[in-house]
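So this note's numbering is basically just the index in the first sequence, starting at one, shifted up by 1. Virtual Cβ for every residue (Gly too), placed ideally from N, Cα, C. Predicted, not measured: the structure shown is a model, and the values here were computed from it. Only one structure is covered here, and it is reproduced in the block below.
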Amino acid sequence: MHWADYTAQKLAGRGSPQVVVSGITPSGEFHIGHLREILTAEMIHRACLDSGIQSRYVFIVDSMDPLRRVYDFLSPSYESYIGVPLANIPAPDENGEPDEEGGSYADFFLGPFLDALKQIGVEPEVVMNHLTYENGDFAEMIDSAITNREKIHEIIENVSGRDLPEDWFPYNPLGSNGSLDGVKVTGYEKPFVHWVDTTGTTGKSDIRLAEGKMPWRIDWAARWAIHGVTCEPAGKDHGAAGGSYDTGIPICELLGGKPPEKMVYEWIQLKGMGPMSSSKGVTIGPMEALSLVPPEILRYVIARSKINRHIEFDTGTALFEMADEYERFQVPNEEDGDLSKRQRIARDTQLGAMRLSQVERGSDPADWIAGVSFRHLSMLAQIKSDDQGVWSSLQRSGHLSGEPGFSLRGRLERMRNWVDGEHFPEEARITIQSEVDRDIASEIGNDSRAFLEMLARGLRTCDWDEGSIGETIRTSAADSGIENRKAYIALYMVILGRGYGPRVSSLMSEMDRESLIGIISSI
RNA sequence: GGGCCUGUAGCUUAGUCAGGUAGAGCACCGGGCUUUUAACCCGGUGGCCGGGGGUUCGAAUCCCCCCGGGCCCUCCA
Numbered sequence: 002m003h004w005a006d007y008t009a010q011k012l013a014g015r016g017s018p019q020v021v022v023s024g025i026t027p028s029g030e031f032h033i034g035h036l037r038e039i040l041t042a043e044m045i046h047r048a049c050l051d052s053g054i055q056s057r058y059v060f061i062v063d064s065m066d067p068l069r070r071v072y073d074f075l076s077p078s079y080e081s082y083i084g085v086p087l088a089n090i091p092a093p094d095e096n097g098e099p100d101e102e103g104g105s106y107a108d109f110f111l112g113p114f115l116d117a118l119k120q121i122g123v124e125p126e127v128v129m130n131h132l133t134y135e136n137g138d139f140a141e142m143i144d145s146a147i148t149n150r151e152k153i154h155e156i157i158e159n160v161s162g163r164d165l166p167e168d169w170f171p172y173n174p175l176g177s178n179g180s181l182d183g184v185k186v187t188g189y190e191k192p193f194v195h196w197v198d199t200t201g202t203t204g205k206s207d208i209r210l211a212e213g214k215m216p217w218r219i220d221w222a223a224r225w226a227i228h229g230v231t232c233e234p235a236g237k238d239h240g241a242a243g244g245s246y247d248t249g250i251p252i253c254e255l256l257g258g259k260p261p262e263k264m265v266y267e268w269i270q271l272k273g274m275g276p277m278s279s280s281k282g283v284t285i286g287p288m289e290a291l292s293l294v295p296p297e298i299l300r301y302v303i304a305r306s307k308i309n310r311h312i313e314f315d316t317g318t319a320l321f322e323m324a325d326e327y328e329r330f331q332v333p334n335e336e337d338g339d340l341s342k343r344q345r346i347a348r349d350t351q352l353g354a355m356r357l358s359q360v361e362r363g364s365d366p367a368d369w370i371a372g373v374s375f376r377h378l379s380m381l382a383q384i385k386s387d388d389q390g391v392w393s394s395l396q397r398s399g400h401l402s403g404e405p406g407f408s409l410r411g412r413l414e415r416m417r418n419w420v421d422g423e424h425f426p427e428e429a430r431i432t433i434q435s436e437v438d439r440d441i442a443s444e445i446g447n448d449s450r451a452f453l454e455m456l457a458r459g460l461r462t463c464d465w466d467e468g469s470i471g472e473t474i475r476t477s478a479a480d481s482g483i484e485n486r487k488a489y490i491a492l493y494m495v496i497l498g499r500g501y502g503p504r505v506s507s508l509m510s511e512m513d514r515e516s517l518i519g520i521i522s523s524i
């Protein structure tokens, strides 16, 4: 059974409806690691719906979280916003300067991410956490946390094993400059928390408004109670023993809520570059990923892996394999009575992964298979500059009957982006030589030259289609007495500058006759 | 220091919760498709399941120890 279905089944015992939640801080560009957070939760949500369990999927944006530091993409003028909630900070302009007209920092980064989510079929209920503070929904929780201050203090110290300062307080008010940093609590009279900030200014925060926030570990536990969260997969950073999941559970219970089961997913790494990190430049954004990888396959990347396995996101050679694995999928057609228990499990898991990979819930995975392998398509995309040429080639080769569907068109569009970009693997790149390199020419032996001469002659008169060209190659090889293998290698060397490549006759049939003959004769 | 996750064929992995002869894909090799090269079909090679000990009639699976990799205990998907 697929992990999402398994989780849905376990959740069914918790009552209804399910509230499946993701939470992310919009502190900068989103990356595909965040996509795992989102998709893990969204797939569980879908699995619930698919098995008839009522469910909501909520994306809580941590817009009340403060700016922690001035990131590389921000100008130094953001220094003054450190500690200020992201919802209250102006978005950066193209130079990284605060742009007073550009809306909030949180919205600025959230917008494109939500657009990307839409493309992969994810349309969550979005909750801006600062609004939950602003409309007073946190007030009871804050009051309760302050009242139970000692107990919470004890939970955090016992569970996480770290020492909290004596004057620790479960609520951080905003100071006179709008920052949470360095503000000391001096007293509490419901609903006001009194404080003094770093400038010596005193004031009071109304807990029914967004005039302060609870520290992360309590904030998280409180929102479980407020929103009735039944499931929230968290990154492994939260999941470690003594981490915020472990403290959140008892704190949530203390606050009168019923916490979700602990659920932890592994991180996505970029091939050979370790974990995603914006500050180290190790990052691929969801939009960039979507420009290369079709949305159903991007979903499949997440769906095919168990949640506690790390995912290596590879936009190089491995993408061929990933995509072709998706393409190979076939709806099981018979009863499979002779499958072993294991094979049945594997098949059902695979079916689940394919089902959950669909952009539109409920659509048939079989409708979203392009019918052409990524490898083959990558060759066509490289040798055919116009799309129509690709379609006709596919029709001739029998990959396509009739007109290309939406799915296949999307595949080609992204394939072209991939081919044109930096991620496309060199060994898959086809570069037709405009002239033959001297070193290469010197490596070609006399027997091969004889073959190439004969071929050039044959190509002048043969029909210009794959079959005839192939035939001409074979006869030329036979007539010149060279082994087929050697003939092909020589041909590849001349055309591509290396001894191997895609089916050479189809490659040649896409080239202009005169220029091809020119190259071959130039030896 | 304390703890969590993880280590199965060259690569990616299923199977570990409920112990019963190690499954798959890629790659590779062989064959086929009225002749091959990154299309397609069929078949095959390949695994002391990280190491050691224990429980058991029987262990990849349960228990203990060790080794390697990742992560957390300060905010981090």
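Under the rule that 16 or more other beta-carbon atoms within 10 Å means buried, what is Asp-337, buried or exposed?
Reliability fails at Asp-337, whose pLDDT of 49 lies under 50, so the model's placement of it is uncertain and no value is given.
If you follow the alpha helix (DSSP H) that Leu-111 is in, where does it begin and where does it stop?
Start and end: 106-120.
Could you check the C-alpha separation between Val-360 and Met-44 for me, to the nearest Å?
The straight-line gap separating the alpha-carbon atoms of Val-360 and Met-44 is approximately 11 Å.
If distances are taken between C-alpha atoms only, which option among Ile-524, Asp-138 and Pro-261 comes closest to Ala-451?
For Ala-451, the closest C-alpha among the options Ile-524, Asp-138 and Pro-261 is that of Ile-524.
Should Ala-290 and Ile-33 be called a contact, given that it needs their Cβ atoms to be closer than 7 Å?
Pairing Ala-290 with Ile-33 gives a Cβ-Cβ distance under 7 Å.
Can the beta-carbon of Glu-233 be found less than 7 Å from the beta-carbon of Pro-260?
Annotated as distal: Glu-233 and Pro-260, with beta-carbon spacing of 7 Å or more.
Helix, strand or coil: how does DSSP classify Glu-313 here?
In this structure, DSSP gives Glu-313 an extended state, which the three-state scheme calls strand.
Which residues in the same chain as Thr-248 place their Cβ atom closer than 8 Å to its Cβ, once the five residues preceding and following it in sequence are excluded?
Its chain contains Ile-156, Ile-157, Val-160, Ser-161, Arg-218 and Ala-222 as the residues whose beta carbon lies nearer than 8 Å to that of Thr-248, once the 5 sequence neighbours on both sides are disregarded; these appear in chain order.
Work out the CA separation of Val-123 and Asn-173 for me, nearest whole Å.
Distance between the alpha carbons of Asn-173 and Val-123 is about 33 Å.
Beta carbon of Ile-153 nearer than 7 Å to that of Pro-171:
Taking 7 Å as the cut-off, the Cβ atoms of Ile-153 and Pro-171 count as close.
Which residue spans inside the region 147-217 form an unbroken beta strand (DSSP E) run of at least 3?
Entirely contained in the region 147-217, the beta strand (DSSP E) runs reaching 3 residues are, in chain order, 185-190, 193-197 and 203-207.
Once you ignore the five residues that flank Phe-321 on each side, which residues in its own chain have a CB closer than 6 Å to its CB?
The residues are Phe-375 and Arg-376.
Going by Cα to Cα distance, which pick from Ile-252, Ala-479, Ile-308 and Leu-378 is closest to Met-142?
For Met-142, the nearest C-alpha among the options comes from Ile-252.
Indicate whether Cys-463 and Thr-473 have their beta-carbon atoms separated by less than 7 Å.
A contact, by the Cβ cut-off of 7 Å.
Asp-349 versus Tyr-7: straight-line alpha-carbon distance, rounded:
If I take the Cα positions, the gap works out to 12 Å.
Per DSSP, which one or two residues make a beta bridge with Phe-407?
Answer is none; Phe-407 lacks a bridge partner.
From which residue to which residue does the beta strand (DSSP E) around Gly-24 run?
Segment 19-25, the beta strand (DSSP E) holding Gly-24.
Ignore the nearest five residues each way along the sequence and tell me which others in Ile-518's own chain have a CB closer than 8 Å to its CB.
A distance below 8 Å between beta-carbons, with the five flanking residues on each side excluded, links Ile-518 to the following residues of its chain, in chain order: Ala-457, Leu-460 and Arg-461.
For Tyr-493 and Ala-442, the rounded distance between their alpha carbons:
In a straight line, the C-alpha of Ala-442 is about 12 Å away from that of Tyr-493.
Excluding the five sequence neighbours on either side, which residues of its own chain have a C-beta within less than 7 Å of the C-beta of Met-65, listed in chain order?
When the five nearest sequence neighbours on each side are left out, the beta carbons in the same chain lying within less than 7 Å of the beta carbon of Met-65 are those of Pro-86, Ala-88, Asn-130, His-131, Tyr-134, Ala-211 and Lys-214, in order along the chain.
Return the chain-ordered list of same chain residues with a C-beta closer than 6 Å to the C-beta of Gly-176, the five sequence neighbours on each side being excluded.
Excluding sequence neighbours, Gly-176 sits near Val-184 and Asp-198.
Residue span of the beta strand (DSSP E) that contains Glu-126, given as start and end
The continuous beta strand (DSSP E) containing Glu-126 extends over residues 126-129.
Can you name, in chain order, every residue of its own chain whose Cβ lies under 7 Å from the Cβ of Pro-295, other than the five neighbours on each side?
Correct list, in chain order: Gly-411, Arg-412 and Arg-415.
Taking the C-alpha atoms as reference points, what is the distance between Leu-453 and Tyr-489?
Each residue's Cα considered, the two are about 10 Å apart.
Rounded to whole angstroms, what's the CA-CA distance from Gly-238 to Val-495? Just pull it up for me.
According to the sequence displayed, residue 238 carries Asp and not Gly. Approximately 53 Å between the Cα atoms of the pair.
Could I get the ranges of all uninterrupted beta strand (DSSP E) runs contained in the region 217-282, with 3 residues as the minimum, in chain order?
Taking only runs of at least 3 residues, the beta strand (DSSP E) segments lying wholly in the region 217-282 are 269-271.
Thinking C-alpha only, which one of Glu-313, Ile-431 and Glu-254 is nearest Ile-269?
Nearest option by C-alpha distance: Glu-313.
CB contact flag (Leu-293, Asn-418, <7 Å)
With contacts defined as CB atoms closer than 7 Å, Leu-293 and Asn-418 qualify as a contacting pair.
When you compare only the Cα positions, how much space is there between Leu-181 and Pro-67?
C-alpha separation (whole angstroms): 7 Å.
Tell me Arg-57's beta-bridge partners as DSSP assigns them.
BP columns for Arg-57 point to Val-20.
For Asn-89, the first and last residue of its enclosing alpha helix (DSSP H)
First-last for Asn-89: undefined, no H or E at that position.
Where Ile-83 falls: helix, strand or coil (DSSP):
If DSSP states are grouped into helix, strand and coil, Ile-83 belongs with the strands.
Give the DSSP-derived three-state secondary structure of Pro-67 in the structure shown.
Reduced to three states, the DSSP call for Pro-67 is strand.
Could you tell me the distance, in whole angstroms, from the CA atom of Ile-470 to the CA atom of Asn-485?
Cα-Cα distance, rounded: 14 Å.
Go ahead and pull the three-state DSSP assignment for Pro-426.
If DSSP states are grouped into helix, strand and coil, Pro-426 belongs with coil.
Indicate the three-state DSSP secondary structure (helix, strand or coil) for Pro-503 in the structure shown.
DSSP, read as helix, strand or coil, puts Pro-503 in coil.
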